[in-house]
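Taking it in order: structure first as structure tokens, then the write-up.
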Amino acid sequence: MLGKTETPSVKEDLKIRSTAVRGENSAGHKNMQQLIQLRWIAVVGQITTIAVVTLVFGIDLPVRHMLEVLVCLVAFNIASHLRWHERPYVSNKELFLAMLVDVGILTAQLYLSGGTTNPFIFLYLLQVILSAMLLEAWSTWSIVAITSVCLVGLTLFSSPLTLSYDHELRFFSLYVQGMLICFTLNGVLLAFFMTRISRNLRAGDARLAEFRKRALEEEHIVRMGLLASGAAHELGTPLATLSVILGDWKHMPEFTNNKVLLEEITEMETQLQRCKSIVSSILLSAGEARGESSVKTTLSTFLDDLATEWRKSRPVASFEYTNRIAYDVPVVFDSVLKQMICNVLDNAFEASPQFVSLDVSRQGDTLTMHITDKGPGFAPAMLSQIGKPYQSSKGRPGSGLGLFLVVNVARKLGGTVKARNREEGGALVELTLPLTAISLHEEE
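Letter by letter, the sequence shown follows residues 33 to 476 in this note's numbering.
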């Protein structure tokens, strides 16, 4: 088995790295949306500038060619919107290519409108700063090199724009006004978009921090699983010995003639069998004897049997089980799922030995389980830390791992765990699981 499968730590490491890459690409998608919005602003700005310069100031520009470039920009932006509306992840390479198109469009418009004599030449700085924020180092330096080459090319090959700089006119000089407009435009766009891009980057960093935290938690679970597996193996021998001894005692005259002692031996055998069942569940959950841990059944049958078994093995005064599933479905359940549900029921029983309730229902493709009790409820500090290890009101060293394991098992299955205190007293834990995680066709 070990030769054919990866170790849990390797699998979890690959999973966390994959999730982290998806988180980075998701931030890239948001940044791509910012670039698309910026292009629409550029389209409006270019149309306005061309109209004002030609109609108001009477400057001769190749309007037809500039509008052709503008149509290309509009077409590219529409295509980008359609593409990235469907695909949620954007890589650094894709962002880099998109910014190259922006640099190319800007270069074409500057070439048609005066080259380096156009005061809007400083819009190249906007491209460089955006690349520094959005792209990896090699991509940023590539943008710097490409814009520098474009600037040199405009100096050599473009026709100058007739905008005389008259010192006496000062602010009323068209060149000065163009420079001021370009500076203001750069400043406003950078302030607006840099704020939003920085927020996206911070959100991406927060997701990566959460992924690292999950990796540590799951590593903790693996270590606990190995410890539990070892302890289960060690407990197997003494439990088997106790089972043999109790079997011998039941046939000894000293016990067969004493009804009280015989009842106590029977109760001891029941509890011993429960201990052996717990040990078996630990071994199955640790990944041993996996071929026997999966059982094909239906959803209602699985839940009904689980509720019946739990009720018989726990001395709860009142246990209310309600199955609201109208349409049953075939499923393949694993002992880990059964252990997860029983863990929550056990926690409710410890808090409220007199009453525990299990209510199950199905909404579409989601299984919902409500487990309630009439105990003291969760402390506010515990509610804010649900799913973290060693959060318990029992006051015992090492306690508080129950809900931690439940939350992590549910998360691996694509479900959620929510907890709250009820207004009428007691606590409620809500487990939700997608049926696709246990449906029969997924496991065959």
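Every residue gets a Cβ at the ideal spot worked out from N, C-alpha and C, and that includes glycine. This one's a predicted model, so the numbers in the text were calculated from it and none came from an experiment.
Excluding the five sequence neighbours on either side, which residues of its own chain have a C-beta within less than 8 Å of the C-beta of residue i, listed in chain order?
| i | result |
| --- | --- |
| Ala469 | Leu445, Gly446, Gly447 |
| Gln66 | Phe225, Arg228, Ile229, Asn232 |
| Ser471 | Val361, Pro362, Val363, Val364 |
| Gly427 | Only weak support is given to the placement of Gly427: the predicted model assigns it a pLDDT of 46, under 50, and the value that follows is read from those uncertain coordinates. Here the set comprises nothing. |
Taking the alpha carbon of residue i as the point to measure from, which residue in the options has its own alpha carbon closest?
| i | options | result |
| --- | --- | --- |
| Ile357 | Leu369, Ala349, Asp336 | Asp336 |
| Phe381 | Lys370, Pro408, Ser367, Met401 | Pro408 |
| Gln395 | Thr302, Asp360, Val88, Thr172 | Asp360 |
| Thr273 | Lys245, Ser345, Phe243, Gln305 | Gln305 |
| Gly219 | Leu155, Leu138, Val181 | Leu155 |
| Ser112 | Val84, Trp173, Gln69 | Gln69 |
| Cys214 | Ala74, Gly457, Leu463 | Ala74 |
| Asp405 | Tyr353, Pro412, Leu248 | Tyr353 |
| Met211 | Trp170, Ile153, Arg228, Phe224 | Ile153 |
| Leu467 | Phe365, Lys370, Asn379, Ala411 | Phe365 |
| Met64 | Leu293, Trp116, Val88 | Trp116 |
| Pro192 | Ile178, Leu142, Gly236 | Leu142 |
| Ala140 | Ser171, Leu114, Arg96 | Arg96 |
| Glu100 | Leu138, Ile310, Phe243 | Leu138 |
| Val76 | Thr302, Leu267, Leu293, Leu217 | Leu217 |
| Lys125 | Leu114, Gly236, Trp170, Leu157 | Trp170 |
| Arg443 | Thr302, Arg246, Lys328, Ala177 | Arg246 |
| Leu129 | Ala107, Ser163, Leu114 | Ser163 |
| Gln303 | Ser275, Asn290, Pro285, Pro412 | Ser275 |
So, for residue i: in the same chain, excluding its five sequence neighbours on each side, which residues have a beta-carbon less than 7 Å away from its beta-carbon?
| i | result |
| --- | --- |
| Leu377 | Trp342, Val388, Leu390, Ile403 |
| Gly319 | Confidence is the limiting factor: at Gly319 the pLDDT is only 49, short of 50, which leaves the residue's position unreliable, though a coordinate-based value still follows. Nothing listed; no residue qualifies. |
| Val441 | Val368, Met372 |
| Ile161 | Leu222 |
| Thr330 | Asp360, Val361, Pro362, Val363 |
| Pro94 | Leu144 |
| Val85 | Ile91, Leu93 |
| Gly458 | Ser384, Thr404, Asp405, Lys406, Gly407, Gly409 |
| Ser345 | Arg306 |
| Val88 | none |
| Asn355 | Ser332, Leu335, Asp336, Val392 |
| Pro429 | In this predicted model, Pro429 has a pLDDT of only 41, less than 50, meaning its place in the structure is not dependable; the value taken from the coordinates is given anyway. None. |
| Ala339 | Tyr353, Leu390 |
| Ile82 | Leu93, Val95, Met98 |
| Cys484 | Outside the displayed span of the chain (33 to 476) sits residue 484, for which this structure offers no information. |
| Asp268 | Strictly speaking, residue 268 in this sequence is Gly, with Asp absent from that position. So the qualifying residues of the chain are Val311. |
Measure the Cβ-Cβ separation of residue i and residue j and say whether it is below 8 Å.
| i | j | result |
| --- | --- | --- |
| Ile175 | Val133 | no |
| Met226 | Met165 | yes |
| Lys282 | Ile297 | yes |
| Leu167 | Leu206 | no |
| Leu278 | Met300 | yes |
| Leu415 | Arg452 | yes |
| Leu105 | Ile79 | no |
| Arg454 | Leu460 | yes |
| Gln386 | Ser332 | no |
| Leu437 | Asn375 | yes |
| Gln159 | Thr179 | yes |
So, for residue i: in the same chain, excluding its five sequence neighbours on each side, which residues have a beta-carbon less than 6 Å away from its beta-carbon?
| i | result |
| --- | --- |
| Ala321 | Residue confidence is low: Ala321 scores 42 on pLDDT, short of 50, so the model does not pin down where it sits. No coordinate-derived value is stated. |
| Arg71 | Asn109 |
| Leu465 | Leu399, Leu445, Gly447 |
| Ser190 | Tyr143, Gly147 |
| Pro347 | none |
| Gly323 | Low per-residue confidence applies at Gly323: pLDDT is 39, beneath 50, and the placement is therefore not dependable enough to give any value. |
| Asp280 | none |
| Leu34 | With a pLDDT of 33 at Leu34, under the threshold of 50, the modelled position of this residue cannot be trusted, and the question is left open. |
| Glu456 | none |
| Leu293 | Phe287 |
Terminal residues of the continuous alpha helix (DSSP H) containing residue i?
| i | result |
| --- | --- |
| Lys450 | No alpha helix (DSSP H) holds Lys450; the beta strand (DSSP E) holding it covers 448–453. |
| Thr288 | 285–288 |
| Ala411 | Taken as a continuous stretch (DSSP letters only), Ala411 belongs to no alpha helix (DSSP H), as it is neither H nor E. |
| Tyr143 | 124–144 |
| Ser367 | 367–383 |
| Arg343 | 331–345 |
Would you kindly report the start and end of the unbroken beta strand (DSSP E) that includes residue i?
| i | result |
| --- | --- |
| Ser393 | 388–395 |
| Val106 | Run containing Val106: none in the beta strand (DSSP E); it sits in the alpha helix (DSSP H), 95–118. |
| Ala459 | 459–466 |
| Ile403 | 398–405 |
| Asn355 | 351–355 |
Cβ contact (3+ pairs, closer than 8 Å) linking the region 182–195 and the region 145–153: yes
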